[in-house]
Amino acid sequence: MNSITRPSILALLSISLFLALWYALAIYLDTLTLPTPLVVAKVLLDEIKNGQLPYHLSKTLYRLLISFGIAMLLGCAIGIALGRYKQLDYFFDNWLIIFLNIPALVTIILCYVWFGLVESAAILAVVINKLPNVIVTIREGTRALESELLDMAKCYRFSKTKTLRHVIWPQLHPFVMAATRSGLALIWKIVLVVEMLGRSNGMGYQLHLFFQLFDVASILAYTIAFVTLIQAIELLILKPLDSKAQRWRR
Amino acid sequence: MNQLAINIHDKFYLNSTDNTRKQVIKNLELTLKNNEFVCLVGPSGCGKTTLLNILAKLDTQFTGTIELQPKHIEPRVGYIFQNPRLLPWRTVRENIQLATGAKTDVLDFFLDSMGLADEKDSYPEHLSLGMSRRVSIIRAFATDPDLLLMDEPFVSLDPPTARLVRQLLMDLWSKRPHKVLFVTHDLREAITLADRLIFLSTSPMSVISEVAVTIPRKERHLEMKIEKFRQQLFIDYPQIAELL
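Quick mapping for you: the protein sequence lines, in order, are chains A and B. Here the first sequence is numbered in the numbering used here, starting from 13 and rising by one per residue. Here the second sequence is numbered in the numbering used here, starting from -12 and rising by one per residue.
So this is what it looks like as structure tokens:
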């Protein structure tokens, strides 16, 4: 393969081009509302040094992980139940549709109004927003389970845990990964709104502050930090999990 | 001495689109004696697989009784399905061990005699259909079953392999006899293997006739004897010809 067409080189080239375009546009427009990449980089370093950015980022990450964990666990349990038992599914299908269609902002406001501006209300709001998606995805996965393999397991007297671990879980795995990916993307956007409306720390709170000050450089610096973090989760945690579970495929 | 008495009055499937009932089995009576090798012969689609599923307790929606005497024994069932039904995310070895708990030396013996020694750590998707089929056969044999159900197990094997596996089956069966119910529509194969042939009608399925195979086991490898028995069958039971 030609060295210039190697994927890593291409990725580097495309990011450089992006930065170059941004730089050129900022110089050309010469306005306070679009700072150059250099200015943003300086703000980013300062914010990391004075501890502000790590503090707020960790607060957001904490909320993200807690609400994500709760939503995934509950969603998997309910999704499997609905996928397995038709009657249950018919009964709760309408509930699911209602919850899928309530705007995120409404759940957040209602949670704060009913439970006060507290941490648990913030987490609850995020979970309620994410839960229906997980349920729907896992329900699809459960419906698609191979009855032939389940029959085999029954015939050879697999115990419940053995069936779950060796027959059901490997089939659900791709659906769980899909729910995880779409879940992270959705949750971190909602967490910011939750923080903006009712918390006194976290990325959302900081961004709101910078908005009032029209401090675009800081907004961009925080965004870059956040995007990098989410990308790191994808590369360092999700990708390896994926390839480990897929090694049996041709 | 124990036996399995099968008595199915009625088994039907509901067609969900127009709510009609399709009867698949009607008044089927059949008794498997201890350690008997029985071949079920009948046209394809007549309900043989349904019968095996009922015996394996995978299908409980029927009226009738399946009785094992003496009653208190829960038989270990080995089932060789029409397609292999291996777990694609587990290796050959794991697939067999999960289902049977077989010890490594037993497992190696089976893999060796089926020509799969090099594939024990392969995943099923990397195997040919014939190989997967052999793995599923090992899985059933290694269960050390009291009742072995086989649903046309040798169909996609090439003739030499089929002969090999058939030989292995007979060796194992004579070493540790158990009840075998073998579904096939290959009459020659049935005569070669069985103590008794049971001919089944098209659906709704019931028993047309039962024939004991009188050729001594020592002489079963003689093509001539098999062929002669087959010809005689068609003369004695002319209704069989329509089934095959």
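Quick reminder that beta carbons are idealized off the backbone N, C-alpha and C, glycines included. Just so we're clear, the structure is a prediction, and the values are computed from it rather than from any experiment.
| Query | Result |
| --- | --- |
| Residue range of the beta strand (DSSP E) that includes A(-8) of chain B | -10 to 2 |
| Spatial distance of Q183 of chain A from L162 of chain A (CA atoms) | 11 Å |
| Validate contact between the segment 106 to 126 of chain B and the segment 45 to 61 of chain B using beta carbons, cut 8 Å, 3 pairs | no |
| 3 or more residues per run - each beta strand (DSSP E) lying fully within the segment 46 to 86 of chain A | none |
| Proximity of I(-7) of chain B and L17 of chain B at Cβ, strictly below 7 Å | yes |
| Delimiting residues of the alpha helix (DSSP H) encompassing T91 of chain B | 91 to 100 |
| Residues of its chain near L300 of chain B, where Cβ-Cβ distance is below 6 Å and the 5 sequence neighbours each way are ignored | For residue 300 of chain B there is no data in the structure shown, the boundaries of chain B being -12 and 231. |
| Distance, H178 of chain A Cα to F221 of chain B Cα | 48 Å |
| Whole-number beta carbon distance between V138 of chain A and S263 of chain A, since they are thought to touch under 8 Å | It is not possible to answer for residue 263 of chain A, since the shown part of chain A is limited to 13 through 262. |
| Whole-angstrom distance between S230 of chain A and A38 of chain A, CA atom to CA atom | 15 Å |
| Within 7 Å, strictly: CB atoms of V51 of chain A and A233 of chain A | no |
| Straight-line Cα distance separating D101 of chain A from N2 of chain B | 22 Å |
| Range covered by the alpha helix (DSSP H) that runs through T119 of chain A | 116 to 127 |
| Contact with chain B by E59 of chain A, beta-carbon distance below 7 Å | no |
| Reference F24 of chain B; option with closest CA among B:G32, B:D(-3), B:R153, B:N6 | B:R153 |
| Beta carbon of K166 of chain B nearer than 7 Å to that of L134 of chain B | yes |
| Short CB-CB distance (under 7 Å) between Y224 of chain B and chain A | no |
| CB-CB length for R183 of chain B against E197 of chain B, believed under 8 Å | 6 Å |
| Cβ pair count under 8 Å reaching 3, the segment 201 to 216 of chain B against the segment 140 to 148 of chain B | no |
| Where the beta strand (DSSP E) through L138 of chain B begins and ends | A quick correction: the sequence has Asp, not Leu, at residue 138 of chain B. Its beta strand (DSSP E) spans residues 134 to 138. |
| For T240 of chain A, three-class secondary structure by DSSP | helix |
| Buried or exposed (CB count within 10 angstroms, at least 16 for buried), E214 of chain B | exposed |
| Own chain residues within Cβ distance below 6 Å of V55 of chain A, not counting five before or after | A229, S230, A233 |
| Cut-off 8 Å between Cβ atoms - residues of its own chain near I4 of chain A, not counting five sequence neighbours on either side | Any question about residue 4 of chain A goes unanswered here, given that chain A covers just 13 to 262. |
| Cβ of P75 of chain B within 7 Å of any chain A Cβ | yes |
| Own chain partners of N213 of chain A with C-beta closer than 8 Å, once the 5 adjacent residues on each side are dropped | Y67, H68, K71, E207 |
| Helix, strand or coil at M13 of chain A according to DSSP, with G and I counted as helix | Any reading at M13 of chain A needs caution, since the residue's pLDDT is 49, under 50, leaving its predicted position unreliable; the model's value is listed next. Three-state result, M13 of chain A: coil. |
| 4 or more residues per run - each alpha helix (DSSP H) lying fully within the segment 144 to 207 of chain B | 146 to 162, 174 to 180 |
| Limits of the unbroken beta strand (DSSP E) element including L27 of chain B | 24 to 28 |
| Extent of the continuous beta strand (DSSP E) to which Q218 of chain A belongs | Segment 215 to 225 is the alpha helix (DSSP H) holding Q218 of chain A; no beta strand (DSSP E) there. |
| Residues bridged to R77 of chain B [DSSP beta-bridge criterion] | DSSP lists no partner for R77 of chain B. |
| Same chain, Cβ closer than 6 Å to Y217 of chain A, neighbours up to 5 away in sequence not counted | E207, R211 |
| Any 3 or more C-beta pairs closer than 8 Å across the segment 68 to 75 of chain B and the segment 87 to 94 of chain B | no |
| Buried or exposed (CB count within 10 angstroms, at least 16 for buried), G88 of chain B | exposed |
| DSSP three-state assignment for L103 of chain B, whether helix, strand or coil | coil |
| Length of the line joining the Cα atoms of A197 of chain A and T189 of chain B | 57 Å |
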